[in-house]
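Residue numbers (my numbering), protein chains in the order written: chain A, 810 to 960; chain B, 810 to 960.
Reading through the structure tokens given below for one structure.
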DNA sequence: GCGCACCTGACTAAGAAGGTCAGGAAAGTC
DNA sequence: GACTTTCCTGACCTTCTTAGTCAGGTGCGC
């Protein structure tokens, strides 16, 4: 139930790209801006490219840019590109697991968990992230003081 | 963003205990009922015991039982007992991470993710799980057909 | 005191996480 | 066309986690 460094890095780099005005941004600049090891970031950007989220050009004046408008890319897209499906149980998607005995309804619980994860991740776009206004669903969740308490 | 085998096993074993009428249940019976390797399960039960979720007695007529009524133990309690804090980012709690540059609002997104995870896991008790009636929040999420779609 | 069932630490094999290294290949510049 | 720049790619590495197994120890009840 944790977010890997890789996924965190990927979203942060994508946010920098979303905020960049025009023109390709060098990997090095992204690495500097977000304090990410350059060579590791390059691997991540390659995965984002294969997933069709960013595009790139080599050589002088080269760099990376978003393949689509920032308001058409969600955080879920970015996370899935580097981590694979969100919310697997024992490496299988929850809808394909069969529970026995008194654990029968556990499947529905995991399905609900996944749905609630998606409710956030699929509704925040990169454009939202770099603006000063996150979607209402996030604002609501964040405004509960309870949400900030460790546990 | 995945649920480990251990956490899944722990919840399933706890569900069996919640459903058991009176008296200690042997580890072997739990292992059989939920198809969990016995020796692995014993380690898990030990952790649940240390967390104060189950109690145990050795010897003939020994076994495990819940330390509290089933409606006072949530799935979150069980998962945390074996996996530690739910929803960490890069091994740190989201409220303690500082983001720079254009990723500034990412913290709020992770906080919202965690809040939504908790909204499910902290509201489903073991009693709910073994009954035929999950809490309304879960029923609502599960009833959206979208929730069952792979992605 | 004997068997039953939990308790506990040590161990292990495989995989993932989080990188680093070394070189290749395209794009632009002089 | 040589040279620089920047992305592209595979190989490698170290540490940690996962998902167990093994071997015994310890307390409880009869």
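Just so you know, even glycine gets a beta-carbon here, dropped at the ideal spot from N, CA and C.
Could you check which residue in the options has the C-alpha nearest to that of residue i?
i                      : options                    : result
residue 827 of chain A : A/873, A/885, A/905, A/950 : A/873
residue 820 of chain B : B/916, B/956, B/891, B/923 : B/891
residue 933 of chain B : B/914, B/812, B/883        : B/883
residue 944 of chain A : A/954, A/956, A/928, A/953 : A/928
residue 869 of chain A : A/834, A/897, A/960, A/858 : A/834
residue 813 of chain A : B/839, B/897, B/907, B/850 : B/897
residue 946 of chain A : B/888, B/920, B/940, B/856 : B/920
residue 936 of chain B : B/823, B/899, B/952        : B/823
residue 931 of chain B : A/863, A/952, A/956, A/930 : A/956
residue 811 of chain B : A/857, A/901, A/885        : A/901
residue 815 of chain B : B/948, B/832, B/951, B/893 : B/893
residue 839 of chain B : B/830, B/825, B/849        : B/825
residue 863 of chain B : B/895, B/845, B/829        : B/829
residue 909 of chain A : B/845, B/832, B/831        : B/845
residue 888 of chain B : B/857, B/948, B/849, B/850 : B/857
Which residues does DSSP pair with residue i in a beta bridge?
i                      : result
residue 901 of chain A : A/898
residue 834 of chain B : B/873
residue 865 of chain A : A/873
Would you mind sorting residue i into buried or exposed? The rule is 16 or more other CB atoms within 10 Å of its CB.
i                      : result
residue 861 of chain B : exposed
residue 843 of chain B : buried
residue 954 of chain A : exposed
residue 817 of chain B : buried
residue 914 of chain B : buried
residue 917 of chain B : buried
residue 847 of chain A : exposed
residue 879 of chain B : buried
residue 904 of chain A : exposed
residue 859 of chain A : exposed
residue 841 of chain B : exposed
residue 852 of chain A : exposed
residue 911 of chain B : buried
residue 959 of chain A : exposed
residue 866 of chain B : exposed
residue 923 of chain A : buried
residue 886 of chain A : buried
Starting from residue i, trace the beta strand (DSSP E) in both directions and tell me its first and last residue.
i                      : result
residue 812 of chain A : First-last for residue 812 of chain A: undefined, no H or E at that position.
Hey, residue i and residue j are a contact pair by Cβ (cut 8 angstroms); roughly how many whole angstroms apart?
i                      : j                      : result
residue 854 of chain B : residue 836 of chain B : 6 angstroms
residue 875 of chain A : residue 926 of chain B : Contact flag wrong, Cβ pair sits at about 28 angstroms.
Go to residue i, then tell me how far its alpha helix (DSSP H) extends in each direction, as first and last residue.
i                      : result
residue 848 of chain A : 847–859
residue 946 of chain B : 945–952
residue 923 of chain A : 915–930
residue 884 of chain A : 884–892
residue 936 of chain A : 935–939
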